[in-house]
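Residue numbers (this note's numbering), protein chains in the order written: chain W, 1 to 236; chain R, 1001 to 1402; chain G, 2001 to 2385. Even glycine gets a Cβ: it sits at the ideal position worked out from N, Cα and C. As structure tokens, the structure follows; a few thoughts come after it.
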Amino acid sequence: MDRYNQGIRIEGLKKRYGTGDTAVDALKGVDMQVAPGEVIGLIGPSGSGKSTLLKCLGAIIDPSAGRMTLGEQIIYEDAWKIPDLCALRRDKIGFVFQAPYLIPFLDVTDNVALLPMLAGRSNRESRQRAMALLEALDVAHRAKAMPSQLSGGEQQRVAIARALVNRPPIILADEPTAPLDSERALTVIHLLEEMAAQFSTAIIVVTHDEKIIPTFKRIYSIRDGRTHEEQIKTHP
Amino acid sequence: MISLAGRDILHSWGKFVFTGIGLGLLIGVTLTMAGVYRGMVDDAKALLDNSGADLWVVQQDTLGPYAEPSSLYDDSYRGILTLNGVEQAANITYLTMQVRPAKDQRTAKDVRAMVVGTPPGRSGEPGQPKHLIAGRHITRNHYEAVADLASGFDLGDRIVIRRNEYRVVGLTRRMVSSGGDPMIFIPLQDAQEAQFLKDNDAILRQRARTAENPTLNRPGVLDAVIASQSVNPFVNAVLVRIKPGHDPERVAESIRRWKRLTVYTRIQMEDILIAKLIATSSRQIGMFLVILAIVSAAIVAFIIYTLTMGKIREIAVLKLIGTKNRTISGMILQQAIGLGLIGFVVGKVSATLWAPIFPKYVLLEFGDAARGFVAVIVICVLASILAIRAALKVDPAEAISG
Amino acid sequence: MIGFLVTLLAVFVFVGLRSGPLAPIPITVSTVENRSISPALFGVGTVQARYTYKIGPTAVGRVKSVFVQVGSPVKAGQLLGEMDPIDLDDRIGALDAALLRAQSTALVAEAQVQEVSARKRFAEAQLQRYEKLWADSVVSKEAVEIKRQEQQIAEAGLHAARANLEASRHEHLRTRAERNGLTQQRHNLRLIAPVAGLVSLRAADPGTTVIAGQSVIEIIDPISLWIHVRFDQLRAAGLKEGLPAQIVSRSSSEKSIPGRIARIELLADAVTEESLAKVVFATLPNPLPPIGELAEVTVALPPTAARPVISNASVQQRHGQLGVWVVTEDRLRFAPVKLGATDLDGRVQILEGLKSGERIVVHSQRPLETHSRFSVVNRLPGITP
Chain W
1 MDRYNQGIRI EGLKKRYGTG DTAVDALKGV DMQVAPGEVI GLIGPSGSGK
51 STLLKCLGAI IDPSAGRMTL GEQIIYEDAW KIPDLCALRR DKIGFVFQAP
101 YLIPFLDVTD NVALLPMLAG RSNRESRQRA MALLEALDVA HRAKAMPSQL
151 SGGEQQRVAI ARALVNRPPI ILADEPTAPL DSERALTVIH LLEEMAAQFS
201 TAIIVVTHDE KIIPTFKRIY SIRDGRTHEE QIKTHP
Chain R
1001 MISLAGRDIL HSWGKFVFTG IGLGLLIGVT LTMAGVYRGM VDDAKALLDN
1051 SGADLWVVQQ DTLGPYAEPS SLYDDSYRGI LTLNGVEQAA NITYLTMQVR
1101 PAKDQRTAKD VRAMVVGTPP GRSGEPGQPK HLIAGRHITR NHYEAVADLA
1151 SGFDLGDRIV IRRNEYRVVG LTRRMVSSGG DPMIFIPLQD AQEAQFLKDN
1201 DAILRQRART AENPTLNRPG VLDAVIASQS VNPFVNAVLV RIKPGHDPER
1251 VAESIRRWKR LTVYTRIQME DILIAKLIAT SSRQIGMFLV ILAIVSAAIV
1301 AFIIYTLTMG KIREIAVLKL IGTKNRTISG MILQQAIGLG LIGFVVGKVS
1351 ATLWAPIFPK YVLLEFGDAA RGFVAVIVIC VLASILAIRA ALKVDPAEAI
1401 SG
Chain G
2001 MIGFLVTLLA VFVFVGLRSG PLAPIPITVS TVENRSISPA LFGVGTVQAR
2051 YTYKIGPTAV GRVKSVFVQV GSPVKAGQLL GEMDPIDLDD RIGALDAALL
2101 RAQSTALVAE AQVQEVSARK RFAEAQLQRY EKLWADSVVS KEAVEIKRQE
2151 QQIAEAGLHA ARANLEASRH EHLRTRAERN GLTQQRHNLR LIAPVAGLVS
2201 LRAADPGTTV IAGQSVIEII DPISLWIHVR FDQLRAAGLK EGLPAQIVSR
2251 SSSEKSIPGR IARIELLADA VTEESLAKVV FATLPNPLPP IGELAEVTVA
2301 LPPTAARPVI SNASVQQRHG QLGVWVVTED RLRFAPVKLG ATDLDGRVQI
2351 LEGLKSGERI VVHSQRPLET HSRFSVVNRL PGITP
């Protein structure tokens, strides 16, 4: 079976803002595919449609045309094929941001456990899952702390745990390394690669951080609403 | 599922509680204002209830004895007693005046009181003080008094009314005039004297005036005239209690017809007191209450809106990671109601604690508190709607930069 | 946070139960005892003198002199003052002169009688002589007739002179009586004390014109001071002569003087509905209380037989009935009662409706109903001991 049949596949995605003379085509036909366990980069200048693409992938905005497939399921074909987009984001898509954006009034465990609870799992099971991930990310010793008590790096790791906790097939990471120095940036990317491999998650990292771009095996660049795949040298 | 509202409250509980207390004080003020209004109406009703009368007989064509001055002869009651349906009829005088303690007493303040004159020793007749909280009823027909607790006088105190000293032998509670002045009961004859017999200076002047009149200044005549000027055969009203089974209006009508006096039933007296006497004040307070309620509602709405707006980033993140709108709305609503509950409890407790300190009676009715509770919750819910709408409009994409 | 909420809730519940309609009503109770009570009557009266003597003239006149002041003691028969006689003395003098004149007139009348008697005797002798002469026919009948006429004239004259004498004697008597009358009146102008006593009023000073009956000086007998007391008719049962009383006069309110009821007036005051009585002092206080001063009189009535006794504060009226709230365990029951004698300290005897040993409500914070929740306390809140 084609590996890309398990991951995310985008074909001819278009997004037009506005109507008539003032209409702007942010995306003019994007094609992309990411296999499970793969971490790819998405680069491009500002205004190129990067965030628009991310928002479409994240089911935050409605595309204008095209097809999006997640695993076996077509989630969008000129119209959303999933009735509950909220559940889609919750269960199938993980988000990692530039800043951790942890919920300040929940402790570390509950920040991560919130997502499975929202999905309907019991509190105990949700916390167990959360703990498992926190251990995997080596922040389990901070399980009872509040986000404000964590260092930036620890918070980011908790954020990554939160993104993974529902085992989504895809994680969208938006400039996750922007505020970090190169050592930490690489750490984060390695972490993502580890998680991707461990949980068979496809991860799209939007970035223009020169430090980490060389680490990706595959990169999509987006320009003027269209993507081009670029292969970087493969890692040994 | 954990309670997001609860966690948020727990995390910043100081701010929440502080806000709750502030809101609570505002609610307490509103409840107290309602209590002041109820207290005024209750004062008027207490006056009527405590008199124990079914009918008030007053001077022809007056609104007396509370709303207007009224004078009738003190032997009118005998004729009224003979009418069909009348069980008891008793004379009574009312005079609102300053009463001061006798010179050597420990309390130095004088007090504005309604001095009530009733025939002593007639237990259970209309006009007598009903239940005592200390001491006993008046037994002597001169120079004893029963005072209300609100006057500040104590058992054994000696007080001065006009030219005589009275010893306080009993205390009552909530025996007040319609204006909230405490009542002091003294024997009828002393009260008649107090009402119509003036101070010594004025009496001397009156005697001199009479002596100047040549028609009166004759041997034998002058003394008789001066003696007649010194007696007072008037009372302010006759209180009537009717026999069970008789219609008050029928008995009143027979008194009106045969005695040619004005008679008011309990309902008419209430109307006079509440509708005429305290109408303006109660409207004043009513208007203030409405404004206060509106202001409170606005402040509650503002507080809740501000609390929500402070969480806008978290709300965006929650929406982004897949929290349902329903969950987010629920969080805001729960916080609003929680705030309202804390506010109401603080408000009710503080109103109850500070109500007795007010100089006039503040009546906090359970019904008012219940209505207040419902109003607070409704206002909180409506206020949260504003905040919820704002929260739902938040674009989750704001969490994603650029 | 939880702690705060729990405390808040606890305070809320506490406040809700302690105040407002759910709170129990504090009451004080007492036990009904069988005792006898000493009812007493209380009345206020004025000090009066039993007898007041008002001394004044019996005719219009002007006061000439007053010899006594208010407060002077006087003896019986003492001269207190005089009215101005004006022309009375002169009139007496005139009558004295008239009296002398009457005496002289009487003397003159006597002399006249003697003169006429002499004339009559001569005329009679003459007649006899001429009658003898006529019998001897010496004189004519006419001469005899002339002599007879003279004799008759002389007799008539004598009668007249005698009558004149009577008249002048009566005139004398009349004048004397008039003089006596004026002298009496003159005496009346002297104001004399009828009894020994104290002057209580000096109503007119010298120079004042007074009419008949107006008093110039009033005298009282200080021993006869008593107090005219008014008692409320409603409680005046048992008022009898001879009952002991305590008198407190307004000016010396600390001292209480013993006394007794001297008389119950037959006529009560219908307008003020009071019975009237007179109370005398057992020993007169020194100094004497001023007449007209107010005095409070407490009369002790004989003690009653022992019966259930309660404080009058317990008596309530409910649905047209007089009664008392009886406390049994934790319930209230309204017992209608019939009241008997009361004393001045507020104790009242129960004739029907209560038994000794029952616990009854004396004071309550709020009006009670049969279903009211209550709590028994020693003293109601807000009362200082």
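When Cβ-Cβ separations below 7 Å define contact, W:LEU42 makes no contact with chain R. Restricting attention to beta strand (DSSP E) runs no shorter than 3 residues, the segment 2224-2293 of chain G encloses them at 2225-2232, 2244-2249, 2257-2264 and 2274-2281, ordered along the chain. Under DSSP, R:ASN1141 shares a beta bridge with no residue.
Taking 7 Å as the CB threshold, W:TYR101 lines the interface with chain R. Rounded to whole angstroms, the gap between the alpha carbons of G:ARG2179 and G:LEU2099 is 8 Å. G:ASP2096 is outside the set of residues whose beta carbon lies under 7 Å from a beta carbon in chain R. Using a C-beta cut-off of 8 Å, the segment 1022-1041 of chain R makes no contact with the segment 69-86 of chain W, since fewer than three inter-stretch Cβ pairs fall below that distance. At a cut-off of 7 Å between beta carbons, R:ILE1342 makes no contact with chain W.
With 16 or more other CB atoms across the displayed protein chains lying within 10 angstroms of its CB, G:VAL2297 is buried. Contacts between R:THR1323 and chain W, judged by CB atoms closer than 7 Å, involve LEU118 in chain order. Distance from the Cα of G:GLN2349 is smallest, within the candidate group G:VAL2070, G:THR2028, G:ALA2313 and G:LEU2198, for G:ALA2313. Taking a Cβ-Cβ threshold of 9 Å, none of the residues of chain R is close to G:SER2224; the smallest such distance is about 22 Å. Judged by DSSP secondary structure, G:LEU2191 falls outside any alpha helix (DSSP H) and instead within the beta strand (DSSP E) spanning 2190-2192. Contact note: R:THR1327 reaches chain W through LEU118, using a C-beta cutoff of 9 Å and chain order. With respect to the 7 Å criterion, G:TYR2051 and G:ASP2221 are classified as neighbours on the basis of their beta carbons. Interface criterion met: the Cβ of R:ALA1134 is under 7 Å from a Cβ in chain G. Chain-ordered listing is empty here: chain G has no CB closer than 7 Å to the CB of R:GLU1212, the nearest sitting near 19 Å. Listed in chain order, the non-local C-beta contacts of G:PHE2374 below 6 Å within the same chain comprise PRO2024, ILE2025 and ILE2027, local neighbours out to five positions each way being set aside. Neighbours of R:ARG1140 in chain G, taken as residues whose beta carbon is under 7 Å from its own, are PHE2042 and LEU2344 in chain order.
For the set R:VAL1057, R:THR1019, R:ARG1007 and R:LYS1015, the Cα lying nearest the Cα of R:ILE1255 is the one of R:VAL1057.
Secondary structure at G:LYS2132: helix, using DSSP grouped into helix, strand and coil. With contact defined as three or more Cβ pairs closer than 8 Å, the segment 195-207 of chain W and the segment 172-186 of chain W are in contact.
Rounded to the nearest whole angstrom, the C-alpha separation of R:VAL1176 and R:HIS1246 is 29 Å.
DSSP links G:THR2028 through a beta bridge to G:HIS2363.
Annotation for R:GLN1189: the continuous alpha helix (DSSP H) segment containing it runs 1188-1196. Judged by DSSP secondary structure, G:LYS2338 falls outside any alpha helix (DSSP H) and instead within the beta strand (DSSP E) spanning 2338-2342. When DSSP states are grouped into helix, strand and coil, R:GLU1365 belongs to the coil group. If one requires a minimum length of 4 residues, no alpha helix (DSSP H) run lies completely within the segment 2116-2178 of chain G. Residue nearest to R:MET1114 within the set R:PRO1248, R:TYR1066 and R:LYS1319 is R:TYR1066 (criterion: CA-CA distance). Neighbourhood of W:ASN123 in chain R, by CB distance below 9 Å: MET1001 and ILE1002, in chain order. Contact between the segment 2083-2097 of chain G and the segment 2226-2242 of chain G is absent, with fewer than three C-beta pairs closer than 8 Å. Chain R places a beta carbon closer than 7 Å to that of W:ILE60, counting this residue as a contact.
Of the residues G:PHE2012, G:VAL2315 and G:SER2140, the one whose Cα lies closest to the Cα of G:LEU2354 is G:VAL2315.
In the structure shown, the three-state DSSP call for R:THR1032 is helix.
Proximity of the segment 2107-2123 of chain G to the segment 2154-2168 of chain G meets the contact definition, three or more beta-carbon pairs being nearer than 8 Å.
For the segment 2350-2369 of chain G, the set of residues with a beta-carbon nearer than 7 Å to any beta-carbon of chain R comprises HIS2363, SER2364, GLN2365 and PRO2367, in chain order.
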